[in-house]
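Asks:
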Amino acid sequence: MEIFSIGSGSSGNSVFVGSGNTHFIIDAGLSGKRIEAGLNKNDLTARDLSGILVTHEHNDHIAGLGVMARRYGLPIYATRGTIDAIKNIPTLGKIDDSLFVEIEKDREFTLGDLSIKAISVSHDAADPVGYVFSDQRKKAAVVTDLGKYDDYIIENIRGMNVLFLEANHDKNMLEVGPYPYMLKMRILSDSGHLSNEATGTLLSSVIGPETEHIFLGHLSAENNFPELAYETVFQEITLSDTPYRGSDFPITVAKRQDCSLKVAV
Ligand SMILES: [Zn+2]
Ligand SMILES: [Zn+2]
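Under my numbering, the sequence shown is numbered contiguously, ending at residue 271.
(1) Could you say which of 236, 34 and 80 lies nearest to residue 3 if we only look at CA atoms?
(2) Please list, in chain order, all residues of the same chain as residue 144 whose beta carbon is under 7 Å from its beta carbon, the five residues on each side excluded.
(3) Would you be able to state if there are at least three C-beta pairs under 8 Å between the segment 41 to 52 and the segment 15 to 24?
(4) Return the CA-CA distance between residue 82 and residue 93, expressed in angstroms with no decimal places.
(5) What is the DSSP secondary structure of residue 123, reduced to helix, strand or coil?
(6) Is there contact between the segment 135 to 143 and the segment 108 to 126, where contact requires at least three CB pairs shorter than 8 Å?
(7) Need the endpoints of the beta strand (DSSP E) that residue 225 sits in, please.
(8) From residue 175 to residue 151, what does the alpha carbon distance come to, in whole angstroms?
(9) Taking DSSP's pairing of strands, which residues face residue 145 in a bridge?
(10) Report yes if the CB atom of residue 239 is closer than 8 Å to the CB atom of residue 223, and no otherwise.
(11) State yes or no: is the C-beta of residue 204 nearer than 7 Å to some heavy atom of ligand 1?
(12) Could you name the residues of the same chain whose beta carbon sits closer than 6 Å to that of residue 62, not counting the 5 residues immediately before and after it, in chain order?
(13) Of all the options 266, 226, 265 and 210, which has the alpha carbon lying nearest to the alpha carbon of residue 254?
(14) Looking at the structure shown, is residue 84 part of a helix, part of a strand, or coil, going by DSSP?
(15) Report all residues from its chain with a CB closer than 7 Å to the CB of residue 17; omit the five preceding and five following residues, and keep chain order.
(16) How would you label residue 70, buried or exposed, when you count the other beta carbons within 10 angstroms and need 16 or more for buried?
(17) Rounded to whole angstroms, what is the Cα-Cα separation between residue 162 and residue 184?
(18) For the putative contact between residue 12 and residue 36, defined by C-beta atoms under 8 Å, what is the C-beta separation to the nearest angstrom?
(19) Is the beta carbon of residue 101 closer than 8 Å to that of residue 72?
(20) Kindly identify the DSSP beta-bridge partner or partners of residue 28.
(21) Is it the case that the Cβ atoms of residue 27 and residue 119 are separated by a distance below 8 Å?
(22) Which of helix, strand or coil does DSSP assign to residue 216?
(23) Can you determine whether any heavy atom of ligand 2 sits closer than 7 Å to the C-beta of residue 150, and answer yes or no?
(24) What does the alpha-carbon distance come out to for the pair residue 199 and residue 231?
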């Protein structure tokens, strides 16, 4: 299985996951041009894609969805609530109804070489999900945009070889930062985003001997720094009750404006 981020952050998200001849992007929150450039950089083109898996309808996840779906006739996989919400966003332009494929949460489906399951996340969108992938040999989870995690999330992303999680903000930076009060409350709420610290704690609950690579993504531009996200998560893992230390796994912070490292497991 291969995973890389084409761009990740509160200004736009798209993550590639592929195995064999099956290739998906999770979200298309960057311009079509940037998504294509990111694929090209990794010796792929949009014509190699099997479809787009959408997590939710926020602009940083769908800004390039209309362009990519229309240009390449790519199927859009999403939950019913997300599909309805997308159809109500006029800026995306007309997307042919036949391109939408409704998926159900917690029900694994197989497309080519990948088995895919959408899992529920707590976030202020219509029907948001994260995705868990398996290709018979390896497993990966891509889960961003969640205000809290619980046993359901932990159970679903345990046993992964690759974990791509959000480390959205540093709580102190957010609290003293320039955001308006209401926006701060939204981000800190149970349906907002995970802090670096919370992500570190979540990771400590799900890492195991099978863990091969950790990605941190969806960093806030105003309320986080890549070094701070890395360091906080590293320390949380090291100081946790687990036998693991932050140094036991490669941790990659996905870049906002460029592709990340490509990880093959
Ligand atoms: Zn969101
Ligand atoms: Zn987002």
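We put the beta carbon where it would ideally sit given N, CA and C, even for glycine. Since we're looking at a predicted model, the values are computed, not measured.
Replies: The short version:
(1) Look at the range of the chain in this structure, 7 to 271, and you will see that residue 3 is not part of it.
(2) 7, 167 and 271
(3) yes
(4) 12 Å
(5) strand
(6) Segments in contact, yes.
(7) Premise fails: residue 225 is in no beta strand (DSSP E) and is neither H nor E.
(8) The alpha-carbon atoms of residue 175 and residue 151 are separated by roughly 11 Å.
(9) 140
(10) no
(11) no
(12) 88, 131 and 134
(13) 210
(14) Residue 84 falls in the strand class under three-state DSSP.
(15) 66, 227 and 262
(16) Answer is buried; the Cβ neighbour count reaches 16.
(17) 35 Å
(18) 6 Å
(19) Going by C-beta atoms, residue 72 is nearer than 8 Å to residue 101.
(20) 25.
(21) yes
(22) coil
(23) yes
(24) Those two C-alpha atoms are separated by around 15 Å.
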